[in-house]
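*Asks:* One structure coming up, written as structure tokens, with questions to follow.
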Amino acid sequence: MTEVVAAPATAVTVVHGRGELPPWRLLLRRPTFIVGAAILLFWVVCAVFGHMIAPQDPLAQQLLATNKAPSGAHWFGTDQLGRDVFSRVIVGARSILIISFFATLLGTVAGTALGLTMGYLGGVVDIVGGRLVEAVLALPLVVVAFLFVVAVGPSPLTIIIVIGLVFTPLIARTVRSAVLVERQQDYLASARLLGENRAYIMFVEVLPNVLPVVLVEFTVRLGYAIFAIASLSFLGFGVQPPTPDWGADIFANYGVLPAGYWWMTLFPALAIASLVIAINLVTDSIEQVLAS
Amino acid sequence: MTVTETAAAGRVDDLTPTLQVEHLEVTHRVRGDDRRALRDVSFQIGRRESYGLVGESGSGKSTVALALTRYLPRNGRVTGGRISINGQDPLAMDAEALRALRARTVSMVYQEPGKALNPSIRVGRQVAEVYEVAGLDRSAAQDKAEAMLRTVQISDPGRVMGLYPHQISGGMAQRVVVAMALAAEPSLLILDEPTTALDATVEAEVLDLVAALREDFATSVLFISHNLAVIAKMCDRVGVLYAGELLEEGPAQQVFEEPRHPYTVGLLRCIPRRGQRKDAGRLDTIPGFLPSPGHTLPGCVFAPRCPIAEQRCREARPPAFDVGPGRRSRCYLHDATSDLPRNTPVEVQLASTRDPAEVVVSLHDLSKTFTHGGESVRALVGVNLSLERGETLGLVGESGSGKTTLARALLGLVAPDEGSDVELDGTALAAEARRRPREQLKALQIVFQNPDSALNRRHTVRHLISRPLSRLAGLSGARLRERLTDLVRSVRLEERHLSLRPSQLSGGLKQRVAIARAFGGGPRIVVCDEPTSALDVSVQAAILNLLADLQAKEQVTYLFISHDLGVVRYLSDRIAVLYLGRVMELGPAETVFAGPHHPYTEALLSAVPSIDGQRADRIRLHGEIPSAADPPSGCVFHTRCPRRLSTGVCETTEPPLAQVAPGHLMSCHIPIDQLTILQRTGQDGD
Chain A
465 MTEVVAAPAT
475 AVTVVHGRGE
485 LPPWRLLLRR
495 PTFIVGAAIL
505 LFWVVCAVFG
515 HMIAPQDPLA
525 QQLLATNKAP
535 SGAHWFGTDQ
545 LGRDVFSRVI
555 VGARSILIIS
565 FFATLLGTVA
575 GTALGLTMGY
585 LGGVVDIVGG
595 RLVEAVLALP
605 LVVVAFLFVV
615 AVGPSPLTII
625 IVIGLVFTPL
635 IARTVRSAVL
645 VERQQDYLAS
655 ARLLGENRAY
665 IMFVEVLPNV
675 LPVVLVEFTV
685 RLGYAIFAIA
695 SLSFLGFGVQ
705 PPTPDWGADI
715 FANYGVLPAG
725 YWWMTLFPAL
735 AIASLVIAIN
745 LVTDSIEQVL
755 AS
Chain B
-1 MTVTETAAAG
9 RVDDLTPTLQ
19 VEHLEVTHRV
29 RGDDRRALRD
39 VSFQIGRRES
49 YGLVGESGSG
59 KSTVALALTR
69 YLPRNGRVTG
79 GRISINGQDP
89 LAMDAEALRA
99 LRARTVSMVY
109 QEPGKALNPS
119 IRVGRQVAEV
129 YEVAGLDRSA
139 AQDKAEAMLR
149 TVQISDPGRV
159 MGLYPHQISG
169 GMAQRVVVAM
179 ALAAEPSLLI
189 LDEPTTALDA
199 TVEAEVLDLV
209 AALREDFATS
219 VLFISHNLAV
229 IAKMCDRVGV
239 LYAGELLEEG
249 PAQQVFEEPR
259 HPYTVGLLRC
269 IPRRGQRKDA
279 GRLDTIPGFL
289 PSPGHTLPGC
299 VFAPRCPIAE
309 QRCREARPPA
319 FDVGPGRRSR
329 CYLHDATSDL
339 PRNTPVEVQL
349 ASTRDPAEVV
359 VSLHDLSKTF
369 THGGESVRAL
379 VGVNLSLERG
389 ETLGLVGESG
399 SGKTTLARAL
409 LGLVAPDEGS
419 DVELDGTALA
429 AEARRRPREQ
439 LKALQIVFQN
449 PDSALNRRHT
459 VRHLISRPLS
469 RLAGLSGARL
479 RERLTDLVRS
489 VRLEERHLSL
499 RPSQLSGGLK
509 QRVAIARAFG
519 GGPRIVVCDE
529 PTSALDVSVQ
539 AAILNLLADL
549 QAKEQVTYLF
559 ISHDLGVVRY
569 LSDRIAVLYL
579 GRVMELGPAE
589 TVFAGPHHPY
599 TEALLSAVPS
609 IDGQRADRIR
619 LHGEIPSAAD
629 PPSGCVFHTR
639 CPRRLSTGVC
649 ETTEPPLAQV
659 APGHLMSCHI
669 PIDQLTILQR
679 TGQDGD
């Protein structure tokens, strides 16, 4: 390979047109990606090293300094129990990032497997799967998750499973339509003529070609997962107090908004917004690079 | 007369050329780089003249057309030179003038008629709109549109006007587009590969139509095509474009008979002509690749691939030499082109010994019925064929004749109807590939038309070629690597290609990978489904040579499907002509081509334009292939047959596929002696 790189004349004749740069290099050229990735990276660092970064203990109650407005001592102010809002926002990144990541991962893996099977095998499998997908799509996401959590009891694992299961048919539908496009391609006929079995064709021949779709779907769903988790926490069925969590903190403090204590609600809400926006920026740039 | 007066009058004297292009340069900006797409292109088209631009993909043919009407993509712009259409400069026009130019002076017809028509508006409205733009009221425009559709030989224009574009066939759609293009009576008609997407028989009709209308409308034509024969048929003068430069131009006949540029010579040698066959000699090729876009070669753009290039060719760009009346060639060595050395030796690797009697595969009563929306479509009807060891059976017919279905049924990719029988060495094969044992899978392989679709773009060349070696040939470890090296060498790929993915290879190299994969398991029959139709002429020749060499070496049998009769003739030993899923004629290639042939074969042969001048007797097929869901009674070809018998037997009775000479079968009611006489004298049937 080094020869090809070393001799530009040869390289030009063989390697031509698009695809000269690997996709990740193209991503790094996009300002939207850089901004999105930087924000995302910031929250990941907070999630991992939150306790070291946070200036104060997010659980420590200072009963003499409750409801303090933002100041030099408390950048984002303090809440009704006198806890530092800034520290709580930083540390709160952990639960939401972990839960949303694994929930989306579960949904993506299961959805991809289901979509591949439906799309490639077709026939009865596709018809039955398609009806199931439609049934799930007809239900409002948050309400379903809500009912499930109520029934099983709130815990991070429950939330991961609930959101993963709700995402599965959505992702399956997208993957299925990508597989249908691939099914028209002659390389699948070639594989059949080599006597490859169905599992090989699905996972080795088709899957790599629909991976870009899966990747985009994963990032899109990640944004939705963050919303869903924050909503569940806000409704009191997500992360349980006193663990710092953005949704739960908004829930705990929005009652005192009319009294003018805006900072306890605003900063966790901004954190949610910035995370979702960052993920959307990354998703957009990935989509554009894959489309070009 | 000043330019503005000319525009106002809308009439130009006969001395001003319709189109003048001088030193045109077009640049595309790609990721911050300026890439020159056209360089110093100059030509002119006189009144009522037809000018052809030929070139392979990437030569810049379409860029010329787009630049003329300022339809260049957003990243492209004219960076030098001058364009003048009827004395007006489109580059200097404001939006209003440009609109008028596009509406009245220049019309364009593109390759895909389906894309040129708006799918949600009835055909009649779309044609009438051209007249409304020109100022007619709605009902007058409607009448004019109907008359125009009649002019382009649409027999029932009233009915067609009420249809939507998806309800008419491709050939009909292209005629509608031609009607729209001519409606404004433009001075210049630009045709960009207008018939490439059409069948040969339909192409012939559209070309005849364009040629006739050009006379009637006194329009100048710029005809862009990769097909030299089409250009030879349609154009007075021709320009040969390569890598954005016009290398040679002159009167079409002279350029094709006595080319004065090595590139033109090479192109012409790549095409199988004058009944050339694989046992007589290999085709010549043009090695190497088109320079990459944005290259900065100081000398001649063709020098890296030219067999006679000298030092000066690489150092300084040759000027356009005058090489005869109206002829120019950008080559220092334009006098040396007549005896240009070959790039590929003629000698043929002859098959060792071929036992013609050994039948490898036979198809008995092969039928395939597709059910589509409650309708049965009979794609194949009782086909009987056998393939012998080491031979090539060419399969020809229009699209919809069942060629591909036949190939897929043989391979087990579609299950034929009950009662069909596919045998390999006398043993019946399972209908589906999935149920065939390894030995049978190994025996039958395919090379598809489009390597982009046939090669999994996520896998490396190594993976793609190794897989049949391990799956079918059962090799592993050192023996696999050894065989892989052999295989790669035999299809003339290089070791370094192994680690690349298909997207990093050119079209020709991709097709070589596909061929290597097909041959990996040591097949006995390889189906070649239009293996060269997605490739440029210069690449096609190399692939055809490769297929011929591999056959001679490995004694494989080919089922060769192609719409290009020259290519079929070059490679085939026997030919089967298919029409609506039935075999119309079957026989040795030379006999089928020489005649007497089935009227359908005759029509197919007459439809093909030839670089070497016109054939004397030509018959035309009218209309399109009928629907296989509702085939005509009697002989299925009778609805289009120009030699149909007046006795009415053709309409009522299907003729049997009977032997007319040893090994030559035909399905026609007309006795062979009479066909011989008819086809010799070129008369119509009585």
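Taken in sequence, the protein lines are chains A and B.
Under my numbering, the first residue of the first sequence carries the number 465, and numbering increases by one thereafter.
Under my numbering, the first residue of the second sequence carries the number -1, and numbering increases by one thereafter.
For every residue, glycine included, the Cβ atom is placed at its ideal position computed from N, Cα and C.
From a predicted model like this one, the values you see are computed outputs, not experimental measurements.
Do you know whose CA, among B:HIS259, B:THR645, B:ARG436, lies nearest PRO521 of chain B's CA?
*Replies:* That would be B:ARG436, whose Cα lies nearest to the Cα of PRO521 of chain B.
*Asks:* Comparing alpha-carbon positions, which option in B:THR674, B:GLN657, B:GLU622, B:GLU588 lies nearest PRO685 of chain B?
*Replies:* Absent from the structure is residue 685 of chain B, since the part of chain B shown begins at -1 and ends at 684.
*Asks:* Less than 8 Å between the C-beta atoms of TYR584 of chain A and VAL670 of chain A, yes or no?
*Replies:* Yes, the Cβ-Cβ distance between TYR584 of chain A and VAL670 of chain A is below 8 Å.
*Asks:* Does any residue of chain B bring its CB to less than 8 Å from the CB of PRO676 of chain A?
*Replies:* It does not; no Cβ of chain B falls within 8 Å.
*Asks:* Nearest by alpha-carbon distance to LEU226 of chain B: which of B:ALA95, B:PHE254, B:GLY400 is it?
*Replies:* Of B:ALA95, B:PHE254, B:GLY400, the residue nearest in Cα terms is B:PHE254.
*Asks:* Answer with buried or exposed for PRO71 of chain B, where buried requires no fewer than 16 other C-beta atoms within 10 angstroms of its C-beta.
*Replies:* Exposed, because fewer than 16 other Cβ atoms sit within 10 Å of the Cβ of PRO71 of chain B.
*Asks:* Give the C-beta separation of GLY410 of chain B and ARG387 of chain B to the nearest angstrom, bearing in mind that I take them to be a contact with Cβ-Cβ under 8 Å.
*Replies:* Not quite, the Cβ-Cβ distance comes to about 20 Å (not below 8 Å), so this is no contact.
*Asks:* Is there at least one Cβ from chain B nearer than 8 Å to GLY586 of chain A's Cβ?
*Replies:* No - not a single Cβ of chain B is within 8 Å of the one on GLY586 of chain A.
*Asks:* For a contact meaning CB atoms closer than 9 Å, what does GLY659 of chain A contact in chain B?
*Replies:* Ordered by position in chain B, the residues that pass the 9 Å Cβ test against GLY659 of chain A are ALA431, ARG432, ARG434, PRO435, ARG436, LEU439, LYS440, ARG469, LEU470.
*Asks:* Is the Cβ-Cβ distance between VAL680 of chain A and VAL643 of chain A less than 8 Å?
*Replies:* For VAL680 of chain A and VAL643 of chain A, no; Cβs fall outside 8 Å.
*Asks:* Is the Cβ-Cβ distance between THR589 of chain B and ALA659 of chain B less than 8 Å?
*Replies:* Taking 8 Å as the Cβ cut-off, THR589 of chain B and ALA659 of chain B qualify as a contacting pair.
*Asks:* Could you check the C-alpha separation between GLY500 of chain A and LEU745 of chain A for me, to the nearest Å?
*Replies:* Looking at the two C-alpha atoms, the distance is approximately 5 Å.
*Asks:* Strictly below 8 Å CB to CB, what residues from chain A border ASN341 of chain B?
*Replies:* Within chain A, no residue comes near ASN341 of chain B; the closest Cβ sits about 16 Å away, beyond 8 Å.
*Asks:* Under a three-way DSSP split, which group does ILE714 of chain A fall into?
*Replies:* Reduced to three states, the DSSP call for ILE714 of chain A is helix.
*Asks:* I'd like to know whether the C-beta of GLU598 of chain A is nearer than 8 Å to at least one C-beta of chain B.
*Replies:* Chain B, which has no Cβ nearer than 8 Å to the Cβ of GLU598 of chain A, makes this no.
*Asks:* Residues in the same chain with beta-carbon distance under 8 Å from ARG685 of chain A, minus the five sequence neighbours each way, listed in chain order, please.
*Replies:* Around ARG685 of chain A: THR568, GLY571, THR572, PHE631, LEU634, ILE635.
*Asks:* Check for me: the beta strand (DSSP E) holding GLN443 of chain B runs from which residue to which?
*Replies:* GLN443 of chain B -> beta strand (DSSP E) spans 442 to 445.
*Asks:* Can the beta-carbon of GLU528 of chain B be found less than 8 Å from the beta-carbon of GLN447 of chain B?
*Replies:* For GLU528 of chain B and GLN447 of chain B, yes; Cβs fall inside 8 Å.
*Asks:* Which first and last residues belong to the beta strand (DSSP E) in which VAL554 of chain B is found?
*Replies:* Note, VAL554 of chain B: premise wrong, no beta strand (DSSP E); not H, not E.
*Asks:* With 16 other CB atoms within 10 Å as the buried threshold, where does GLU356 of chain B fall?
*Replies:* Under this definition GLU356 of chain B is an exposed residue.
*Asks:* Going by DSSP, name the residue or residues bridged to THR542 of chain A.
*Replies:* Paired residue(s): A:ASP548.
*Asks:* Could one say the Cβ of SER451 of chain B lies closer than 8 Å to chain A's Cβ atoms, at least one of them?
*Replies:* Yes, SER451 of chain B lies at the interface with chain A (some Cβ there is under 8 Å from its Cβ).
*Asks:* With a cut-off of 8 Å, do at least 3 Cβ pairs link the stretch 56 to 76 of chain B to the stretch 326 to 346 of chain B?
*Replies:* They do not touch, by the three-pair rule.
*Asks:* In the structure shown, what three-state DSSP assignment does ALA614 of chain B receive?
*Replies:* The predicted model places ALA614 of chain B with a pLDDT of 45, which falls under 50 and marks its position as unreliable; any figure quoted below should be read in that light. DSSP places ALA614 of chain B in coil when its eight states are reduced to three.
*Asks:* Does the beta-carbon distance from ILE419 of chain A to ILE690 of chain A come in below 8 Å?
*Replies:* Here chain A covers residues 465 to 756 and nothing more, so residue 419 of chain A does not appear.
*Asks:* Cα-Cα, which of B:ARG465, B:GLY518, B:THR458 is closest to ARG494 of chain B?
*Replies:* Nearest option by C-alpha distance: B:THR458.
*Asks:* Helix, strand or coil: how does DSSP classify GLN520 of chain A here?
*Replies:* GLN520 of chain A falls in the coil class under three-state DSSP.
*Asks:* Using beta-carbon positions only, say whether LEU17 of chain B and ILE43 of chain B come within less than 8 Å of one another.
*Replies:* Taking 8 Å as the Cβ cut-off, LEU17 of chain B and ILE43 of chain B qualify as a contacting pair.
*Asks:* If you compare alpha carbons, which of B:CYS526, B:ALA171, B:TYR261, B:GLY85 is closest to SER327 of chain B?
*Replies:* If we check each option's Cα against that of SER327 of chain B, B:TYR261 comes out closest.
*Asks:* Using a Cβ cut-off of 8 Å (strictly closer), state whether PHE446 of chain B contacts chain A.
*Replies:* With 8 Å as the cut-off, PHE446 of chain B counts as an interface residue toward chain A.
*Asks:* Answer yes if the stretch 74 to 90 of chain B comes into contact with the stretch 113 to 133 of chain B, meaning at least three C-beta pairs across the two stretches below 8 Å, and no otherwise.
*Replies:* Short answer: they don't touch.
*Asks:* Provide the residue span of the beta strand (DSSP E) that contains GLY585 of chain B, from first to last.
*Replies:* Segment 580 to 586, the beta strand (DSSP E) holding GLY585 of chain B.
*Asks:* If the cut is a Cβ gap below 7 Å, which residues of chain B does PRO672 of chain A touch?
*Replies:* Simply ARG456.
*Asks:* I'd like the ranges of any beta strand (DSSP E) spanning at least 3 consecutive residues and lying wholly in the stretch 501 to 532 of chain B.
*Replies:* Fully enclosed beta strand (DSSP E) runs of 3 or longer: 523 to 527.
*Asks:* Say whether the stretch 258 to 272 of chain B touches the stretch 299 to 306 of chain B, bearing in mind that this needs 3 or more beta-carbon pairs closer than 8 Å, one atom from each stretch.
*Replies:* They touch, by the three-pair rule.
*Asks:* Does the beta-carbon distance from VAL375 of chain B to PHE368 of chain B come in below 8 Å?
*Replies:* The answer is yes: Cβ separation under 8 Å.
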